[in-house]
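Below: one structure, written as structure tokens.
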Amino acid sequence: MDTLTIVGCQFGDEGKGKIIDYLSCNYDLSVRFNGGENAGHTVVTDGNTIKYHLVPAGFLRARTSVIANGVVINLRKLNEEIDFLSRFRGSFELKISNLAHIVTDLHIERDRYLESLRGKGSIGTTLRGIGPAYESKFGRYGIRLEDFKDPKVLEEKLGFLSYIYNIPKKQGMVEDLIHYYEKISTFITDTSEYLREEIDEGSSALFETAQGTFIDVEFGTYPFVTSSHTITGGVTVGTGLSPKYFGKFLGVAKAYTTRVGEGYFPTEIEGEDAERLRKLGNEYGATTGRPRRIGYLDIPMLRRSVKLNSLDYIALTKTDVLGRFKNIKVGVSYIKDGSELKEYDPNKRVDKVEYVSFEPWEDNRSNLNKFIEFIEDEIGVPVALLGSGEKREDIEKRHLI
Ligand code: GDP
Ligand code: IMO
Ligand code: MG
6 MDTLTIVGCQ FGDEGKGKII DYLSCNYDLS VRFNGGENAG HTVVTDGNTI
56 KYHLVPAGFL RARTSVIANG VVINLRKLNE EIDFLSRFRG SFELKISNLA
106 HIVTDLHIER DRYLESLRGK GSIGTTLRGI GPAYESKFGR YGIRLEDFKD
156 PKVLEEKLGF LSYIYNIPKK QGMVEDLIHY YEKISTFITD TSEYLREEID
206 EGSSALFETA QGTFIDVEFG TYPFVTSSHT ITGGVTVGTG LSPKYFGKFL
256 GVAKAYTTRV GEGYFPTEIE GEDAERLRKL GNEYGATTGR PRRIGYLDIP
306 MLRRSVKLNS LDYIALTKTD VLGRFKNIKV GVSYIKDGSE LKEYDPNKRV
356 DKVEYVSFEP WEDNRSNLNK FIEFIEDEIG VPVALLGSGE KREDIEKRHL
406 I
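Every position in the sequence shown, counted from 1, becomes a number in our numbering once 5 is added.
See the structure below:
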């Protein structure tokens, strides 16, 4: 069985899109299994910058793309994304799970309302209705693509949602949803069955999470998290494939750390250094355009990520950006109540981070080698891929995957 699952090791935006695009030419199937259009996965190729939000980032190169049941779908946005992507690949095969839940304008309004209620304690969500869509799924009043088979069911469910939220349905809402549904209805199928059959018959598959390990709803910096499972464990329920289908796991980590939205971030830096690194790395959100918070690479965070996700290797991105920065540091451990901690715990605030410094490597490859070897020693898994620029070809392969 040839399957590989890719996750983000930090708070999202690690450069997963680029790594998925790079690897996807080796796989028949490219599969997305969580999140919604809160994700923004950037691929730069042939002079084009492509930002994926709902469609898997292997769309251009894998034989078939699959949006599995764990994804929550804004139908209008999905239509727009497919129209945009067809410019780059005229003929493609796409499968969308009949069990996927949809995100409506009511969910988006609810997201805004909840954020406003939270006031100073707001999460800083992408305001794309993602939390409410998962809330309605687990509250058992969500709307699935399956429900579109009977417009009466759809109408009733929308009515109930509007009643629960106390937000009136806009006129034409049902018709709009049906319009967007019909445009993609030929892609909708039982993707769990499809994937099982394909893989059983020998197809290879690349599975991708959106977001990052420490904004996982369970294992992240709760409540400053997204509302889905972003860790490798999420791939089974997110696709409807049993754990037997998965054995190889790759984590993507940025050579420094960034975060959008609120929440605990031990190696965060502020002031001039943060601004310089933000500019060097163009650290502005691919979905919302918000400036990303900036910090040093956090080894204790990677250690926990390797364990939580059973990572076999990592891909380290943006080493070109960090190599141009003059003040390179890496957090190696924390101090709390006088004791040293080697692993990140999102629920434990630490007193201090211990750092080691590295020399810049823009003009000195051996300095980069020292940095990579240090990381490998500390986290115990190899850096299999090295990102050295934003383009597809700016990748160095260091180990077989
Ligand atoms: P994702 O959400 O994990 O897919 O990451 P994003 O696309 O949100 O953000 C990563 C950003 O870094 C994008 O603008 C990528 O084009 C860019 N990027 C990815 N890898 C590299 C790299 O190795 N070097 C540089 N300079 N940019 C990179
Ligand atoms: P990709 O896939 C970075 C963050 C938001 C916010 C929190 C909750 O591009 O790595 P949500 O809208 O999901 O309810 O917001 O999660 N967030 C991301 N941060 N990258 C992402 O996706 C993110 N998706 C959500 O900024 O802090
Ligand atoms: Mg992103």
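Note that beta-carbon positions come from the ideal geometry of N, C-alpha and C, so glycine has one too.
### Query
Do R264 and F16 have their C-beta atoms within less than 8 Å of each other?
yes
- Message: So if I measure from each beta-carbon to every heavy atom of the ligand MG and keep distances below 5 Å, which residues remain?
- Response: D18, G45 and A291
Note to self: Do V311 and G336 count as a contact pair if the criterion is CB distance below 8 Å?
What the structure shows: no
query = Residue ranges of each beta strand (DSSP E) run of no fewer than 3 residues wholly in the segment 346-403, ordered along the chain?
reply = 357-363, 388-392 and 400-402
With 16 other Cβ atoms within 10 Å as the buried cut-off, status of H184:
exposed
ask   = How many Å lie between D278 and S338 at the Cα?
value = D278 and S338: Cα-Cα distance of roughly 21 Å.
So if DSSP puts L99 in a beta bridge, which residue, or which two residues, is it bridged to? S70
Practice prompt. Kindly examine the ligand IMO and report whether one of its heavy atoms sits closer than 7 Å to the Cβ of G144.
Written response: no
Exercise for review: Tell me, please, which residues DSSP counts as bridged to A210.
Suggested key: T8 and L34
Indicate, with yes or no, if the ligand IMO has a heavy atom lying under 7 Å from the CB of K21. Yes, the Cβ of K21 comes within 7 Å of a heavy atom of the ligand IMO.
Are at least three pairs of beta-carbons, each pair with one atom in the segment 193-210 and one in the segment 225-239, less than 8 Å apart? no
Can you tell which of D51, L99 and I55 has the C-alpha that lies nearest to the C-alpha of S35?
For the residues D51, L99 and I55, the minimum Cα distance to S35 belongs to L99.
Inset, instruction - Specify the secondary structure class of V265 as computed by DSSP and reduced to three states. - result: coil
Item to complete: Put T131 into one of helix, strand or coil per three-state DSSP.
Response: Three-state result, T131: coil.
Practice problem: Please list, in chain order, all residues of the same chain as Y227 whose beta carbon is under 8 Å from its beta carbon, the five residues on each side excluded. | Solution: P351 and N352
- Query: Do I189 and N84 have their C-beta atoms within less than 8 Å of each other?
  - Reply: yes
Report whether the distance from the Cβ of S233 to the nearest heavy atom of the ligand GDP is below 7 Å.
no
Discussion item. Taking the straight line between their C-alpha atoms, what separation do you get for P305 and E348?
Written reply: 4 Å
Check: Is there contact here, the segment 310-328 with the segment 383-393, by at least three beta-carbon pairs under 8 Å?
Finding: yes
For a minimum of 3 consecutive residues, which ranges assigned as the beta strand (DSSP E) are wholly contained in the segment 152-221?
Within the segment 152-221, the complete beta strand (DSSP E) runs of at least 3 residues are 210-213.
Exercise. If you draw a straight line from the alpha carbon of Y269 to that of R354, how long is it in whole angstroms?
Worked result: 8 Å
Taking the beta strand (DSSP E) that S338 belongs to, which residues open and close that run?
If you look at S338, you'll find it in the beta strand (DSSP E) that goes I333 to K341.
Backbone CA spacing between R149 and N372 [nearest angstrom] = 52 Å
>> Extract the residue ranges of the beta strand (DSSP E) inside the segment 224-284, only unbroken runs of 3 or more that lie entirely within it.
In response: The qualifying runs are 254-259 and 262-264.
With the cut-off set at 8 Å, would you say V76 and R37 are in Cβ contact? yes
The ligand GDP heavy atom lying under 7 Å from the CB of D33: Flag unset: Cβ of D33 not near the ligand GDP.
| request: Let me know if D26 comes out buried or exposed under the rule of 16 or more other beta-carbons within 10 Å of its beta-carbon. | output: buried
### Message
Taking DSSP's pairing of strands, which residues face H46 in a bridge?
### Response
Y57
- Item | is_contact[V326, chain C] using C-beta, thresh 8 Å | Going by chain labels, chain C is absent from the structure shown, which holds only one protein chain.
Note to self: Taking contact to mean 3 or more Cβ pairs, one atom from each stretch, closer than 8 Å, check whether the segment 125-133 and the segment 84-95 are in contact.
What the structure shows: no
Practice task
Using only the heavy atoms of the ligand SAM, determine whether one of them is closer than 7 Å to the beta carbon of N332.
Solution key: Although the ligand SAM was asked about, the structure shown includes only the ligand GDP, the ligand IMO and the ligand MG as ligands.
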